[in-house]
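Everything in the sequence shown is counted per this note's numbering, starting at 4 for the first residue and increasing by one.
Working notes for the structure below.
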Amino acid sequence: MLDPLADPRAILVAGGAGFIGRHLCRALLGRGAAVLCLDNFSSASREGLVLLDNHPRFHLIEHDVVDPLPAKLRPAQIYNLACPASPRRYQADPIHTLRTCVQGAYNLLQRASECGARLLQASTSEVYGDAQQHPQNENYHGNVNPVGPRACYDEGKRCAETLCTDYALQHGVVVKIARIFNTYGPGMTAGDGRVVPNFISQALAQQPLTVYGDGTQTRSLCYVSDMVDGLMRLMDSPPDFRGPVNLGNTHEMTILDIASHICRLAANYGPHEIEFMPLPADDPVTRCPDTALAWRHLGWRPRVSLEQGLEQTFRYFEQQRTAPKAVQ
């Protein structure tokens, strides 16, 4: 019987137990692929994989991508999503976050070079920092503070993009770079720290919604199924299209607008107040992608409306509150 790790047709999803990673694993299984999910569970829960664990084409590898990869691992494709994306999570251990971004990408690129796999690097809109160009296109070089509290993630992802580019040029590895903008949907955790799970969790608990700054800063929210579709299209694109390419929703809205949407969905839980808190250091004031490149090369644009996506996400959090807790 073939060892799943040595299956030359398998697709490796590093960080596959995370929010986007789980949705990606399910989508790939739905395509008929054999999926190897690699995660160290530093910021993800095993409970999120319950529906995948018994699938005959799903195999879990508990491993930190910073460490040398299992020698027999020989996938055909590698998606590198291995890094916490929430500031609360990645700032908890900034040195490990930076090592995950850089050393993790290096380990995966080295393996891709050895076995002829193509690799997709999940980069981030955070490479643009507190952007002075709006909306942000892929030619904008960003405005990042290299010694700020977010630098472990921002600069780590920027360095990973450099590594991918140089590996493609020096070793002929087929790489794809996706700059992921704000993504939301079912499967996020209440303690995530990002705006949508924060607001929904607070609304359901009948607590004030915490707005940092004056709430006029903007975000562009992309539903997770649309994001996964974009990632798979990018992976399957012609070898000479490397990116970077922005993946996100161009529907820009203020933090206060997002709070208003959540309050309407949570109307049955009573009136909700807004509690204003100081804006964290280096928090971007505007965030909106220019996705013309994704449309031109991938035929991709988001399809799920904000109203649909927020309602589905809200219902998911409602169900999680009433679901029976697993016995420890």
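Note that CB positions come from ideal geometry on N, CA and C, so glycine has one too.
| Item | Value |
| --- | --- |
| Does the beta-carbon of T289 have 16 or more other beta-carbons within 10 angstroms, so that it is buried, or is it exposed? | buried |
| For the alpha helix (DSSP H) containing D332, list its first residue and its last residue. | Nothing about residue 332 can be reported from this structure: the residues present for the chain run from 4 to 331 only. |
| Three-state secondary structure (DSSP) at V105? | helix |
| In the DSSP assignment, what residue or residues form a beta bridge with K160? | K160 pairs with nothing; no bridge assigned. |
| List, from N- to C-terminal side, the beta strand (DSSP E) runs of 3 residues or more that fit wholly inside the stretch 16 to 100. | 38 to 42, 61 to 65 and 80 to 83 |
| Determine, using beta carbons only, whether D56 and G18 come nearer to each other than 8 Å. | no |
| For E278, which beta-bridge partners are listed by DSSP? | T213 |
| How should S240 be labelled, buried or exposed, when 16 other C-beta atoms within 10 angstroms of its C-beta is the threshold for buried? | buried |
| Residues in its own chain within less than 8 Å of M238 by CB, not counting five upstream and five downstream? | Q80, Y82, R121, L123 and K179 |
| On the criterion of 16 or more Cβ atoms from any shown chain inside 10 Å, does G273 qualify as buried, or is it exposed? | exposed |
| Using the C-alpha atoms, what's the distance from N271 back to V176? | 53 Å |
| Ignore the nearest five residues each way along the sequence and tell me which others in V147's own chain have a CB closer than 6 Å to its CB. | G132 and D157 |
| Please classify V53: is it buried, with 16 or more other beta-carbons within 10 angstroms of its beta-carbon, or exposed? | exposed |
| Determine the contact status of A181 and L250, defining contact as a CB-CB distance below 8 Å. | yes |
| For the structure I just gave you, are there three or more beta carbon pairs, one from the stretch 162 to 171 and one from the stretch 98 to 113, closer than 8 Å? | yes |
| Going by DSSP in three states, P292 sits in which element: helix, strand or coil? | strand |
| In chain order, what residues of the same chain lie with their CB nearer than 6 Å to the CB of G24, ignoring the 5 residues before and after it? | V16, G18 and L84 |
| For V147, name the three-state secondary structure that DSSP assigns. | coil |
| Helix, strand or coil, according to DSSP, for V248 in the structure here? | strand |
| What are the complete beta strand (DSSP E) segments, minimum 3 residues, inside the stretch 161 to 199? | 178 to 183 |
| For E129, is the classification buried or exposed, using 16 other Cβ atoms within 10 angstroms of its Cβ as the cut-off for buried? | buried |
| Could you tell me which of G190, D70 and G145 sits nearest to R335, measuring between CA atoms? | This structure does not reach residue 335, given that the chain is present from 4 up to 331, and the question cannot be answered. |
| Helix, strand or coil: how does DSSP classify T316 here? | helix |
| Quick one: Cα of F279 to Cα of H62, how far? | 44 Å |
| Among the candidates M235, Y319 and A284, whose CA atom is the shortest distance from the CA of W303? | M235 |
| Taking the alpha carbon of P7 as the point to measure from, which residue in V68, F22 and A74 has its own alpha carbon closest? | A74 |
| Check this for me: beta carbons of G159 and L101, under 8 Å apart or not? | yes |
| So which of L313, F184 and D229 has the shortest CA-CA distance to D260? | L313 |
| Using three-state DSSP, classify Q113 as helix, strand or coil. | helix |
| Whole angstroms is fine: what's the gap from C40's alpha carbon to I64's? | 6 Å |
| Consult DSSP for T325 and reduce its assignment to one of helix, strand or coil. | helix |
| So, G218 versus I265, is the Cβ gap smaller than 8 Å? | no |
| Can you tell me which of H300, R318 and P287 puts its alpha carbon nearest to the alpha carbon of P90? | P287 |
| In whole angstroms, what separates the C-alpha of G233 from that of D293? | 14 Å |
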